[in-house]
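For reference, the structure is listed below as structure tokens.
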Amino acid sequence: MTSPDTAPDSSPHTEPHPGPETGPGTVPTIDGSDLTDTQRAGNACAVCGKTWPRPTVLIGRLPDGRQLLICPEHATGSPP
Numbered sequence: 001m002t003s004p005d006t007a008p009d010s011s012p013h014t015e016p017h018p019g020p021e022t023g024p025g026t027v028p029t030i031d032g033s034d035l036t037d038t039q040r041a042g043n044a045c046a047v048c049g050k051t052w053p054r055p056t057v058l059i060g061r062l063p064d065g066r067q068l069l070i071c072p073e074h075a076t077g078s079p080p
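Quick note on the UniProt record's numbering: the sequence shown kicks off at 1 and runs consecutively.
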């Protein structure tokens, strides 16, 4: 029997997760002036602009603290 402390997390992840070269305290600040409003709001990929499925990989923050997100396939180096 699995105890509650070791049970796998079956809940969907809603928070962005760090990309391959990022981690706590290493997320860069990015200007973002060449991005669309939707990209700057974190509702579209900062690379390709796709809005669905919503991008989930954190690549940086805007100067005002908003998160910049990309599609998981861009985090692995695949072309847009």
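Backbone N, C-alpha and C fix where the C-beta goes; we use that ideal spot for every residue, glycine too. Quantities reported herein were computed from a predicted structural model and do not represent experimental measurements.
Kindly indicate which residue of Q67, V27, P53 has the alpha-carbon position closest to the one of L35.
If you number the sequence shown from 1, residue 35 lands on position 35. The option with the nearest alpha carbon to L35 is Q67.
Assigned exposure category for P55 - 16 Cβ within 10 Å defines buried
Counting from 1 along the sequence shown, the entry for residue 55 is found at position 55. Buried, by the Cβ-count rule.
Beta-carbon within less than 6 Å of A41's beta-carbon, same chain only, minus the 5 sequence neighbours each way: which residues are those?
Residue mapping note: residue 41 aligns to position 41 of the sequence shown, counting from 1. Around A41: no qualifying Cβ.
For G60, count neighbouring C-beta atoms within 10 Å of its own C-beta (all shown protein chains included) and say buried if the count is 16 or more, exposed if not.
Taking the sequence shown and counting its residues from 1, one reaches residue 60 at position 60. Buried, by the Cβ-count rule.
Just tell me which of K50, L62, D64 has its CA closest to the CA of I70.
The residue given as residue 70 occupies position 70 in the sequence shown. Checked all of K50, L62, D64; the closest Cα to I70 is K50.
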